[in-house]
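Q:
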Ligand SMILES: [Zn+2]
């Protein structure tokens, strides 16, 4: 039974009911961004403190998760941007040929794309692959593909036009795909034989 | 790469569309163009399938990571502290306020000096903004250096809790933010830009809606200015003593910019939100 929470003041109630339930997703996002558990926990705590301090800025009825993610993303950029060097921005055009030859090499061995994407890729490898993307691409890929936000929500969080979300996502996914294909090649994709009974 | 002659799109263009297609975010017209290309291009059909598989794969990885056990307790503790600190001393709600007050003394004194015998309310907002431009902003002020809009947003957000759009200004770079007293008791952020072409400063004063809710009568904004500003693209230029004060309003936030530029030239440099942004 859920007890009516009449003893809570309104902001506290808002905080409990609308903001705190997103802690796990926030932590997940922070971890993807920082790749470090302590930094991620600090970021989440800082985000909630700010959200609480400025809870009167939150408009009830709008997406609280998007609001929290936006605060966290801004904190992250401010705190970590100067500390770590961002991977260099690579134009996809520069690596296009490499991408296609890698793709065709891997696809010559397996045509089961789901297995190709799925197979034995460790969470660490995915994290590593994500970390290799420039921050602006990484953020969009995480927000869209891992967190399931819409283009509109991402545009609002990052303060960029929807067209920019789309093009960053396109390039980010392509670069990520390149990494994933590299992992697939490294592992050897000819595991299908042993798997045939399963 | 396989380039088909019958399709209008190049493979590069088609693949950019594939991203939005997979997310169901393509306009009808673009979708038809893409489908036409896909029908004749095996290369892009492969990319579409890979993009789908990748998206699906990542969606499966969406499972929440285990959150450190003590994190929720830590957050609750920190908030409990914040709450009791507020109860003890509501004035201390924002510790930065102290620093800002000290920093702002210069401005305030300048303001008092410039005020002369006139009552506060006699001065319109545009006049006061111009006054600050001529006196206060010429002094040494503790600007917080920022180099882009993101940082400026962060500074303002952290110190005031205002979520405001930082104006992008063509040919100008952001230099700093200062939050100081605009009128006694009313602190507002001022953004400092510099025109790269002639090194001239541009200052933008930012007023959140609450400024008007709380101090509307003190702020004394000319009604015709407000009435004129309905859409993001609307600007109001006032000429006062050989200078121009430019006003506009985005998402309920009111801005005033002042510089040595001609008002129309300055207006042309300020980029309103695009249709996707609002
Ligand atoms: Zn094609």
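Chains as they are written, first to last, in the working numbering: chain A, 235 to 432; chain B, 939 to 1216.
Where a beta carbon is used, it is the ideal one built from N, C-alpha and C, also for glycine.
#1: Note down, in chain order, each residue of its chain lying with its Cβ closer than 7 Å to the Cβ of residue 378(A), except the 5 sequence neighbours on either side.
#2: Under 6 Å from any heavy atom of ligand 1, by CB: list those residues in chain order, please.
#3: Would the beta-carbon of residue 359(A) fall within 8 Å of that of residue 419(A)?
#4: Are at least three pairs of beta-carbons, each pair with one atom in the segment 1173–1180 of chain B and one in the segment 1196–1206 of chain B, less than 8 Å apart?
#5: Starting from residue 375(A), trace the beta strand (DSSP E) in both directions and tell me its first and last residue.
#6: With distances taken from CA atoms, which of 1062(B), 975(B) and 1107(B) is nearest residue 1134(B)?
#7: Taking CB distances under 8 Å as the criterion, tell me whether residue 278(A) reaches chain B.
#8: Can at least three beta-carbon pairs, one atom from the segment 1114–1122 of chain B and one from the segment 1177–1189 of chain B, be found at a separation below 8 Å?
#9: With a CB to CB cut of under 6 Å and the five nearest residues on each side skipped, what residues in its chain are close to residue 1128(B)?
#10: According to DSSP, is residue 399(A) part of a helix, a strand, or is it coil?
#11: What would DSSP say about residue 1089(B), mapped onto helix, strand or coil?
#12: Please list, in chain order, the residues of the segment 970–1000 of chain B that have any C-beta partner in chain A closer than 9 Å.
#13: Please compile the residues from chain C whose C-beta is within a distance smaller than 7 Å of the C-beta of residue 332(A).
#14: Would residue 965(B) pass as an interface residue toward chain A - the criterion being a Cβ-Cβ separation below 8 Å?
#15: With 16 as the cutoff for other CB atoms within 10 Å, does residue 1199(B) come out buried or exposed?
#16: Cβ of residue 1016(B) less than 8 Å from any chain A Cβ?
#17: So, is the C-beta of residue 311(A) closer than 8 Å to a C-beta in chain B?
#18: Name, in chain order, the residues that DSSP records as bridge partners for residue 1145(B).
#19: Measure from the C-beta of residue 379(A) to each C-beta in chain B and report whether the shortest distance is under 8 Å.
#20: Can you check which of these residues, 367(A), 362(A), 276(A) and 351(A), is closest to residue 998(B) by C-alpha distance?
#21: Taking a cut of 8 Å between CB atoms, which residues from the segment 1117–1149 of chain B lie near chain A?
#22: Which residue marks the beginning of the beta strand (DSSP E) containing residue 1176(B), and which one marks its end?
#23: I'd like to know whether the C-beta atoms of residue 1013(B) and residue 261(A) end up nearer to each other than 8 Å.
#24: Thinking residue 396(A) and residue 386(A) are a contact (beta carbons under 8 Å), I'd like their distance in whole angstroms, please.
A: The answer reads as follows:
#1: 388 and 403.
#2: Output, sorted by chain position: 949(B), 952(B), 975(B), 979(B), 981(B) and 982(B).
#3: For residue 359(A) and residue 419(A), no; Cβs fall outside 8 Å.
#4: The segment 1173–1180 of chain B is in contact with the segment 1196–1206 of chain B.
#5: Run containing residue 375(A): none in the beta strand (DSSP E); it sits in the alpha helix (DSSP H), 369–375.
#6: Nearest option by C-alpha distance: 1107(B).
#7: Judged by the 8 Å Cβ criterion, residue 278(A) is in contact with chain B.
#8: Between the segment 1114–1122 of chain B and the segment 1177–1189 of chain B, the count of Cβ pairs shorter than 8 Å is below three; the stretches do not touch.
#9: 1116, 1141 and 1143, listed in sequence order.
#10: Reduced to three states, the DSSP call for residue 399(A) is helix.
#11: Looking at residue 1089(B) - three-state DSSP - the assignment turns out to be helix.
#12: Using a CB distance below 9 Å, the part of the segment 970–1000 of chain B facing chain A consists of 981, 984, 985, 987, 988, 989, 990, 991, 992, 993, 994, 995, 996, 997, 998, 999 and 1000, ordered along the chain.
#13: Within the model displayed, chain C is absent; protein chains A and B are what it includes.
#14: Not an interface residue.
#15: Result: buried.
#16: When Cβ-Cβ separations below 8 Å define contact, residue 1016(B) makes contact with chain A.
#17: Closer than 8 Å to some Cβ of chain B, the Cβ of residue 311(A) qualifies, so yes.
#18: DSSP, once it has assigned bridges, lists 1192(B) as partnering residue 1145(B).
#19: Using a Cβ-Cβ cut-off of 8 Å, residue 379(A) counts as an interface residue toward chain B, since at least one Cβ of chain B sits closer than that to its own.
#20: Nearest Cα to residue 998(B) within the set 367(A), 362(A), 276(A) and 351(A): 351(A).
#21: When C-beta distances to chain A are compared with 8 Å, every residue of the segment 1117–1149 of chain B stays at or above that value.
#22: 1174–1178 is the extent of the beta strand (DSSP E) around residue 1176(B).
#23: Contact: no.
#24: Contact holds; Cβ gap of about 7 Å.
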